[in-house]
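What follows is one structure encoded as C-alpha cells, with my remarks underneath.
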Amino acid sequence: MNFLAHFALSNESQNLCTGSFLGDFVKGKLSGQYNREVEIGIRFHRAVDAYTDHHLLTKLSRARFGNRFTRIGGIMTDIAYDHFLALSWDNFYDEPLSLFSNRVLKDVLAFKSLPGEAEKLAKIMLKKNSLRNYKDEKFLREASLSLHKRLNERTPMIEAPEKIIKMKKELNGDFRLFYPQLMKFASGWLKKNFRH
Numbered sequence: 000m001n002f003l004a005h006f007a008l009s010n011e012s013q014n015l016c017t018g019s020f021l022g023d024f025v026k027g028k029l030s031g032q033y034n035r036e037v038e039i040g041i042r043f044h045r046a047v048d049a050y051t052d053h054h055l056l057t058k059l060s061r062a063r064f065g066n067r068f069t070r071i072g073g074i075m076t077d078i079a080y081d082h083f084l085a086l087s088w089d090n091f092y093d094e095p096l097s098l099f100s101n102r103v104l105k106d107v108l109a110f111k112s113l114p115g116e117a118e119k120l121a122k123i124m125l126k127k128n129s130l131r132n133y134k135d136e137k138f139l140r141e142a143s144l145s146l147h148k149r150l151n152e153r154t155p156m157i158e159a160p161e162k163i164i165k166m167k168k169e170l171n172g173d174f175r176l177f178y179p180q181l182m183k184f185a186s187g188w189l190k191k192n193f194r195h
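Residue 59 in numbering that gives the first Met the number 0 sits at position 60 of the sequence shown; the count goes up by one each step and never skips.
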C-alpha cells in the first residue's frame with residue numbers, strides 16, 4: 000500500500016521503478032517472465048516490505064492503533080507513512096513531488112507487459128494524481144474507503160483516517176526516525192543487487 004515510498008526508493012531506473020510497483024501484483028518465484036531490472040525491482044519491493052514489517056519503529060506504529068486494528072495495522076501504517084513522506088518530501092528528495100508523481104506513473108504505464116490489475120491501478124493513480132495527493136488528509140479518507148471496500152467491509156478500515164489523524168504527532172515521529180534507516184537499507188540493497 001505504500002506506493003510512494005516504493006517509487007521513491009527505486010527511482011534509479013524506469014525498469015527498477017516498474018518492478019517495484021509490480022511487487023504488489025506479482026507473487027511467487029521469478030523465472031524470467033520480466034526483464035532483469037524489472038525482476039530486481041520486484042525483489043527489491045519484497046526486501047523493502049520485509050525490512051519494514053520487521054522494524055521496531057513500524058511495529059511500534061502498528062501497536063499504537065490498538066488491538067481492534069491488529070489485522071489492518073500494517074496497512075494503516077503504510078498509508079500513514081506515505082502521507083508523512085509526501086508532507087516531508089522536500090526534506091528527502093530534490094525532484095518536486097508533483098513532477099515525480101506524474102513521471103513515475105507514466106514510466107510504469109509505458110511498460111508493455113503490465114498485468115491488467117496493475118495497469119488499471121496505475122491509470123487511476125495517474126488520473127487522480129494519487130502520489131502527489133498523499134499529503135492531503137482527504138487522500139487518507141479516500142484510500143481507506145477504497146481499501147475498506149476491497150478488503151472486507153467487516154474490517155474497521157473505514158475508521159483508519161481518523162485514527163491516523165488523531166495520532167499524527169506520534170506516527171510522524173516514528174516515520175521521521177524510520178525513513179532515513181529505510182533509505183540506508185534500500186541503498187545498501189541496491190548497491191549489492193542492482194548497481195554495477
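Beta carbons are placed, not taken as given, at the ideal position from N, Cα and C, and that holds for glycine.
How would you write the range of the alpha helix (DSSP H) that residue 89 sits in, first residue to last?
-> Residue 89: member of the alpha helix (DSSP H) spanning 88-91, first to last residue.
If residue 64 and residue 162 are in contact, beta carbons under 8 Å, what's the gap, nearest whole angstrom?
-> Indeed they touch by this definition, with Cβ atoms about 6 Å apart.
Roughly how many angstroms lie between the CA atoms of residue 38 and residue 21, to the nearest whole one?
-> For residue 38 and residue 21, the gap between their C-alpha atoms comes out near 9 Å.
Specify whether the region 72-82 and the region 19-36 touch according to this definition: at least 3 beta carbon pairs, one from each stretch, less than 8 Å apart.
-> Short answer: they don't touch.
For residue 95, which of helix, strand or coil comes out of DSSP?
-> Residue 95 falls in the coil class under three-state DSSP.
In three-state DSSP terms, what is residue 171?
-> In this structure, residue 171 counts as helix in the three-state DSSP scheme.
Check residue 66 in the structure and name its three-state DSSP category.
-> In the structure shown, residue 66 falls within a helical segment according to DSSP collapsed to helix, strand and coil.
Roughly how many angstroms separate the alpha carbons of residue 90 and residue 70, rounded to a whole number?
-> Residue 90 and residue 70 have their C-alpha atoms some 32 Å from each other.
How many Å lie between residue 60 and residue 167 at the Cα?
-> Here the C-alpha atom of residue 60 lies approximately 11 Å from the C-alpha atom of residue 167.
When DSSP labels each residue in this structure, what does residue 33 get in the three-state scheme?
-> Coil.
Look at the Cβ atom of residue 56, then the Cβ atom of residue 177, and state whether they are nearer than 8 Å.
-> Yes. Within cutoff.
Are the Cβ atoms of residue 86 and residue 134 separated by less than 8 Å?
-> It is a contact, given that the beta carbons lie within the stated cut-off.
Around the Cβ of residue 52, are there at least 16 other Cβ atoms within 10 angstroms (buried) or fewer (exposed)?
-> Counting Cβ neighbours within 10 Å, residue 52 comes out exposed, since fewer than 16 surround it.
Would you check if the region 106-120 and the region 140-148 touch, i.e. whether three or more CB-CB distances between them fall below 8 Å?
-> Contact between the region 140-148 and the region 106-120 is absent, with fewer than three C-beta pairs closer than 8 Å.
Simplified DSSP state of residue 154, which is helix, strand or coil | Three-state DSSP puts residue 154 in coil, outside helix and strand.
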